[in-house]
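Only one structure is covered here, and it is reproduced in the block below.
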Amino acid sequence: MTAKPSRSSGSEAYDLLLEAIDSGALPAGTRLREAELAERFRISRTPVREALKRLEAQGLVLHEPHHGAVVASLGYAEMTELYHMREVLEGTAAGLAATHATATEVEVLREMVERDGGLLDDPAALAGTNRLFHRQICLSARNGFLNTMLENLRLSLALLAGTTLAVPNRGSESVREHAAIVAAIEARDAAAAEAAARRHIRNAFKVRIGLSNGPG
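With numbering that gives the first Met the number 0 applied, the sequence shown covers 0 to 215.
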């Protein structure tokens, strides 16, 4: 006897679908059928429908003629635009953090970098803590509008397949770059913090270009 799907709110369904897109379990171009998703995630169809509408409004899902809802994809031009804006916003956040971060927040950032040094053999785990690091810098910047823009931008990053941290040596390079950002924040050098953050995003973009131009 097949168990009935459990009930779920639209918010819970959204989180499940977003995680599946971000992890690559639902890659770009995947058709999104309500019934199949409800069965896959053991939730009812109504919250799935609500989640798909929300994802569509955010640009992560689109409707294609004769196909219905599919996971959106980013072309090279869109990827370039995304990383350009990320460089601007992440750089601004780091500069503001150098001015506004408390001593405790700086200590938290240092501890994050130290912890990540032990995750170099686990790119998936490192990718997760990497997101937390950047989010902490944004919170330390004390600018709600900037935080909202970065959160919206990070949603689009979910459409990029794989993580650059899986590329050989990129994980260790990223941790060193994070350390440089934190050092500048701790020194209260806003210009150096912004420059370090911008350099970090540019380096990540170079690696991403290599992934997008790879075989397959």
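Glycine included, each C-beta is placed from N, C-alpha and C at the ideal position.
- Query: To which residues does DSSP link VAL69 through a beta bridge?
  - Reply: ARG30 and LEU61
- Taking just the CA atoms, how far does PHE40 sit from VAL69? 17 Å
- Identify, in the order they occur along the chain, each residue of the same chain with its Cβ nearer than 7 Å to the Cβ of ARG201, setting aside the five sequence neighbours on each side. GLU86
- Item | Distance between THR79 and ALA56 (C-alpha atoms, nearest Å) | Straight-line spacing of the CA atoms in ALA56 and THR79 works out to 21 Å.
- Task: Examine the Cβ distances between the segment 142 to 158 and the segment 107 to 125 and report whether three or more of them are shorter than 8 Å.
- Result: Put simply, the segment 142 to 158 does not touch the segment 107 to 125. Fewer than three CB pairs are less than 8 Å apart.
- Query: With 16 other CB atoms within 10 Å as the buried threshold, where does LEU54 fall?
  - Reply: When all chains shown are included, LEU54 counts as buried.
- Message: Quick check: does the Cβ of LEU164 come within less than 7 Å of any heavy atom belonging to the ligand ZN?
- Response: The ligand ZN is not part of the structure shown, which contains no ligands of any sort.
- Message: Using CA atoms only, rank isn't needed, just tell me which of GLU89, GLY209 and ALA19 is closest to LEU59.
- Response: ALA19
- Task: Mind reading off the beta-carbon distance from THR163 to LEU88? Whole number of angstroms is fine, and I expect it under 8 Å.
- Result: Not quite, the Cβ-Cβ distance comes to about 18 Å (not below 8 Å), so this is no contact.
- Message: Pairs of beta-carbons, one from the segment 92 to 109 and one from the segment 181 to 190, closer than 8 Å: are there three or more?
- Response: yes
- Task: Helix, strand or coil for ALA191, going by three-state DSSP, please let me know.
- Result: In the three-state DSSP reduction, ALA191 falls in the helix class (H, G or I).
- Query: Buried or exposed: where does TYR13 fall if 16 or more other Cβ atoms within 10 Å of its Cβ makes it buried?
  - Reply: buried
- Task: Please name the residue in CYS137, THR45 and ALA160 whose C-alpha comes closest to that of GLY74.
- Result: ALA160
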